[in-house]
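Reviewing the structure listed below.
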Amino acid sequence: MGYKIKTESVVPYKYLCKWRLLDTNEGNNPIVKVAGVSGEYILNEVASEIWLLMDGRRTIRDIASIISKKYEEVSISEVEKDIIEFLDQFEQKDVIIIDYNSLFPYKKLNAIREDKDE
Amino acid sequence: MNKSADAVLIVPPSPYPGMSMLFPSLTTTDPLGIGYLISYLKKKGINKVYGLNLYNGLKNINRFSEYIKRKKTKVVGFSTMTENYNNGIRLARIVKNILPSTTVVMGGPHVTFTDEETLLESCVDVVVRHEGEITFYELLDCILGGRCDLSKVDGITYKENNQIVKNKHRNFIKNLDVLPFPERNLPDIDGILMKLKEITPSRNVVITTRGCPGGCKFCAATAMSGGTYRMRSVEDVIEECNYISSLSKNNEIFFGDDTITANVGRLMTLLKYLRKGKIKWAAESRVDVITPELAKEIVKAGCIGLQFGVESGDQRVLDRMGKGITLVQVENAIKYVIDAGLNPVSVACSFMIGIPGDTRKSVKKTLKFIKYLQDKYGIAAVVGITVPYPGTYIWRFPEKSGILRIVEQSYERFSVDNPVMDLENLTHEEIRALYYDYVVESIHHPTRYQKSLFQHFHKGKGNYYGEIQKIYFE
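Which chain is which? The protein sequence lines are A and B, in order. This note's numbering applies: residue 1 is where the first sequence begins, and numbers increase by one. This note's numbering applies: residue 1001 is where the second sequence begins, and numbers increase by one.
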């Protein structure tokens, strides 16, 4: 990513994508399937959990705090590291915006080349 | 030079991620609500009134603050729908912070039905309910005059001594021809809007009527207009169309009426006039008024696109929602307009998934009906999720409508791709899944219309979106 994220203030959010929960047996953790401009993805359990917590209001710290409380043996900073890794990966795929600002909700799409061609 | 203002009217940004970068021609249309207010105020002699169209985003909040400081305005008005209401509140707080004595007014379809809730926000002083031209003028006249008695301004709700006061309803404007043409090309703060318009001309929207006589339970138009239907004179409409065509590179008009076809006699007169000019136009229509004869007249009059609100492929759901159409009428209307010469890809039918009363089976019926219409006629389908917007019957009477609960508390998330209701027979996650599967199926098996949309997104194909991206991030 090349810069340090202020996890206490940065709000990640879903970007230009559709998503759904996969049908799972009762009692299982939900699994999320996402379709964005770069393709379709099935998230693992932890990524799905992060996905469901990204509501455009919670900061990375908020999300980390919720997950850390659930899995008591993991610290917030460790969870934050995992979240940032996930966010970075899915930001590249254009299905999330890391620093969502409702007044200017835009990011550069990696799927779009800016150079002139044809 | 004194740059202070009597009033600044603002459309707040849409919070929807990325929307304006993908569909700029739809999101850069002129906001006619504040456009009409500004032109009406100027007609009444209040000239120091400015508009800001921030719908496509506000990148630089400091520049917004500086603008407000510079204008030293006595009144700031925000016109919002449900999705950008929260952003309106965010900007209203900034305004109050900078100019504490400025009166902050909110108007538009959302706050018309949530006036008391809106006034719980300390940054909002007055809510203008329903159509705003005369109400806002009287309010402004009252405030600028310095001896303001808000109790005499019909159509507002306001705060007085920590109490919320709701004045009596203002009658709707009967003769719409008294309104001047709305002010257009309102700027934004960052200069993005005008650059977007340069590379993609936005739709020129003209409103020829106000209100809707229909009773669709998922739509707020009837409540917004009190069930009235008022029409501008055909001469006035044509004059505005010609005026717009003379100004714009794009001479296509979109008639943005709730329903332009409610009075067929008047529609025929309008078509007669349109036929004489060179204006190309599109509009929304109801299927139940389309006859083979009317379809021919519509196409002869320069129509290049029609959108029909179909909503469901299940007659039971349509009846329950008070839509007042049949599936046979839907197919007939499509057939008639295509036979009359309209390009099938310009015939769009809109549908909803997750209508109160929907079941898994009824949604499947809707999706099957869409596929049938697309395969047989090659039309475009626009599919979204039902949203219980304030003012709709389903919002006012959720239990009677079959809504178990609203699962989303933030108005920002009320959008047609995000389910916010659990229904009697479908949870919001089931609705989301049905919608997702439809969208993904469309991507894998696109219709001709969808192919034309998707081709823009392929990497390396032209640089249209690259240019848009540059505008946003340069």
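Using N, Cα and C, we set each Cβ at its ideal position, and we do this for glycine too. Remember, predicted model here, so these are calculated numbers, not experimental data.
Asked                                                                                                                           : Found
CYS1303/B - partner residues in DSSP beta bridges                                                                               : TRP1281/B
Anticipated Cβ contact below 8 Å, THR1135/B with VAL1128/B, distance rounded                                                    : 5 Å
Residues near PHE90/A by beta carbon distance below 6 Å, same chain, minus five either side                                     : ILE96
LEU53/A versus ILE63/A - alpha carbon distance                                                                                  : 6 Å
Beta-carbon neighbours of VAL1439/B, restricted to chain A and to distances below 9 Å                                           : LYS18, ALA35
Within-9 Å CB hit, LYS116/A to chain B                                                                                          : In this prediction, LYS116/A scores a pLDDT of 46, lower than 50, which makes its location untrustworthy; no coordinate-derived value is stated.
9 Å Cβ cutoff, LYS1096/B in contact with chain A                                                                                : no
Chain-ordered neighbours of PHE1473/B on chain A, where CB pairs are closer than 7 Å                                            : LYS108
Where LEU1058/B meets chain A, residues with beta-carbon distance less than 7 Å                                                 : LEU103, PHE104
For GLU1133/B and PRO1180/B, the rounded distance between their alpha carbons                                                   : 11 Å
Local Cβ density within 10 Å of TYR1464/B, reported as buried at 16 or more and exposed below that                              : exposed
Backbone CA spacing between SER1151/B and ILE1353/B [nearest angstrom]                                                          : 44 Å
CB contact flag (THR103/A, VAL37/A, <9 Å)                                                                                       : Note that residue 103/A is Leu in the sequence shown here, rather than Thr. Taking 9 Å as the Cβ cut-off, LEU103/A and VAL37/A do not qualify as a contacting pair.
Top-ranked residue by Cα proximity to ILE1143/B, from ASN1175/B, VAL1105/B, VAL1178/B                                           : VAL1105/B
Chain-ordered neighbours of LEU21/A on chain B, where CB pairs are closer than 8 Å                                              : GLU1429, ARG1432, ALA1433
Nearest to ILE1170/B (by Cα), restricted to the options GLY1226/B, PHE1473/B, GLN1409/B                                         : The question names Ile, yet the displayed sequence has Arg at residue 1170/B. The candidate whose alpha carbon is nearest that of ARG1170/B is GLY1226/B.
Neighbour list for ASP14/A in chain B, Cβ cutoff strictly below 9 Å                                                             : Per the sequence presented here, residue 14/A reads as Lys, with Asp not at that position. Those are PRO1017, listed as they occur along chain B.
Cβ neighbours of TYR1158/B in the same chain (closer than 6 Å, five flanking residues each side left out)                       : VAL1126, LEU1150, VAL1165
Extent of the continuous beta strand (DSSP E) to which GLU40/A belongs                                                          : 39-42
CA nearest to the CA of ASP1131/B, picked from GLU1066/B, TYR1067/B, ARG1210/B                                                  : With the sequence shown as reference, residue 1131/B is identified as Glu, and Asp is not the correct amino acid for it. Minimum Cα distance to GLU1131/B is reached at ARG1210/B.
Below-9 Å beta-carbon distance, ASP1358/B vs any chain A residue                                                                : no
Short Cβ contact (9 Å threshold) for PRO1213/B with ALA1262/B                                                                   : yes
Length of the line joining the Cα atoms of THR7/A and GLU80/A                                                                   : 8 Å
CA nearest to the CA of GLY1057/B, picked from MET1019/B, ILE1068/B, ILE1094/B                                                  : MET1019/B
In DSSP terms, what GLN1163/B is bridged to                                                                                     : GLU1160/B
is_contact[ARG57/A, chain B] using C-beta, thresh 9 Å                                                                           : yes
Short-range partners of chain A found in the region 1208-1227 of chain B, where Cβ spacing is below 8 Å                         : none
Three-state secondary structure assigned by DSSP to MET1421/B                                                                   : strand
Cβ of GLU40/A within 9 Å of any chain B Cβ                                                                                      : yes
Inter-residue CB distance, THR1027/B and PHE1414/B (contact presumed, cutoff 8 Å)                                               : Incorrect: roughly 17 Å between the Cβ atoms, too far for contact.
Rounded straight-line distance, which links the Cα of PRO1344/B to that of LEU1274/B                                            : 22 Å
Beta-carbon contacts of ASN1002/B that lie in its chain and below 6 Å, excluding the five residues immediately before and after : Any reading at ASN1002/B must be qualified, since the residue scores a pLDDT of 47, below 50, and its modelled position is unreliable; no value is offered.
Sub-9 Å separation of PHE1172/B and THR1386/B beta-carbons                                                                      : no
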